[in-house]
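Report on the structure given below.
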Amino acid sequence: MNYTEPVPSFHAIDNFDGKYVLIITNKIVWYFILNNSVIFLDINGVLISSTMHLATLGRLNDIYSPIAVGLLNNLCQTTNARIVVSSSWRLYGRKVVYNNLFKSIAMLNWMLTSKHKPIPIHIKFFDEEPNKNESWCTPFRMDILRSRGEEIDAWLDTWGHLIDNYCILDDTRNVLPHQKDHFVCIERNESGFDVDYYEQALEILQQPNNPQQLKLNS
830 MNYTEPVPSF
840 HAIDNFDGKY
850 VLIITNKIVW
860 YFILNNSVIF
870 LDINGVLISS
880 TMHLATLGRL
890 NDIYSPIAVG
900 LLNNLCQTTN
910 ARIVVSSSWR
920 LYGRKVVYNN
930 LFKSIAMLNW
940 MLTSKHKPIP
950 IHIKFFDEEP
960 NKNESWCTPF
970 RMDILRSRGE
980 EIDAWLDTWG
990 HLIDNYCILD
1000 DTRNVLPHQK
1010 DHFVCIERNE
1020 SGFDVDYYEQ
1030 ALEILQQPNN
1040 PQQLKLNS
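In terms of my numbering, the sequence shown opens at residue 830 and continues consecutively.
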């Protein structure tokens, strides 16, 4: 990165496609890579809420809210975070969860007119070795892991070295004390994951990590 004009002493933060946060001060750029984050995703109470049940006159009880999924999709695009499913929905399998997410984005696209570009899916599951096929969700061991927080810690024990940051979206406060700074509690409301919770999650995922320094030419 090369600047031909002197940079005055100031402090600024910018976000480029969710990949970097730049902090510029005294002709030095500190940049923080943000593209190794994950979102531990609960589904009931987060993506599924009573709003969709009421809006469909009681016909749908387990449909993912297109609004909540759209916000999650935006969050993944902005922060490059990948999804780790921590919900009991993981027992249905990866394909079932993804298909429901896909249907919700399809509903949003159906509302667009022909002049709008389709909304792409930015939601991606974590998919890394070791045990790549198991990395998309937290482990389910009721005999050993007795809380959502313990399940998340077990996942971090295996894949935590591959990420820089994480955010937990859940409607229960069943997390461990050291996870609270990464936790967004989706209170049991009627709409689930909404704009307010989106902003809380965004703030967590945009916490700078791994600062590196670039000196600017003056």
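Positions of the beta carbon are idealized from the N, C-alpha and C atoms, including for glycine.
Residue i versus residue j: straight-line alpha-carbon distance, rounded
i     : j     : result
Q906  : G887  : 32 Å
S964  : C1014 : 23 Å
H1011 : N903  : 19 Å
L889  : R975  : 31 Å
H1007 : S943  : 48 Å
E958  : Q1035 : 25 Å
F955  : L883  : 33 Å
I973  : T987  : 16 Å
I1033 : D982  : 18 Å
Y921  : N928  : 11 Å
W939  : G1021 : 22 Å
D1000 : S879  : 13 Å
P949  : G978  : 31 Å
W984  : H990  : 10 Å
F869  : C996  : 6 Å
Opening and closing residue of the beta strand (DSSP E) in which residue i lies
i    : result
S866 : S866 to L870
I877 : No beta strand (DSSP E) holds I877; DSSP gives it neither H nor E.
R975 : Note, R975: premise wrong, no beta strand (DSSP E); not H, not E.
Cβ-Cβ separation, residue j to residue i (assumed contact under 8 Å), whole Å
i     : j    : result
V875  : L998 : 5 Å
Y1027 : L900 : 5 Å
N909  : I992 : Not a contact, Cβ separation roughly 11 Å.
K953  : R911 : 5 Å
Helix, strand or coil at residue i [DSSP, three-state]
i     : result
L998  : strand
R911  : strand
F969  : coil
V925  : helix
V1024 : helix
V898  : helix
F1012 : strand
F775  : Residue 775 lies beyond the residue range present for the chain, which begins at 830 and ends at 1047; the question has no answer from this structure.
M940  : coil
E1019 : coil
N890  : coil
I992  : coil
L1033 : It is worth fixing the name first, because residue 1033 is Ile in this sequence and not Leu. Looking at I1033 - three-state DSSP - the assignment turns out to be helix.
I1060 : Look at the range of the chain in this structure, 830 to 1047, and you will see that residue 1060 is not part of it.
T885  : coil
N1003 : coil
S917  : helix
K961  : helix
Neighbour flag for residue i against chain D, beta carbons, 8 Å
i    : result
D999 : This model lacks chain D altogether, as it is built from one protein chain only.
Exposure label - residue i; buried when at least 16 CB within 10 Å
i     : result
M881  : buried
P895  : buried
A1030 : buried
L941  : exposed
D1025 : exposed
S917  : exposed
D871  : buried
V926  : buried
E980  : buried
A935  : exposed
F969  : exposed
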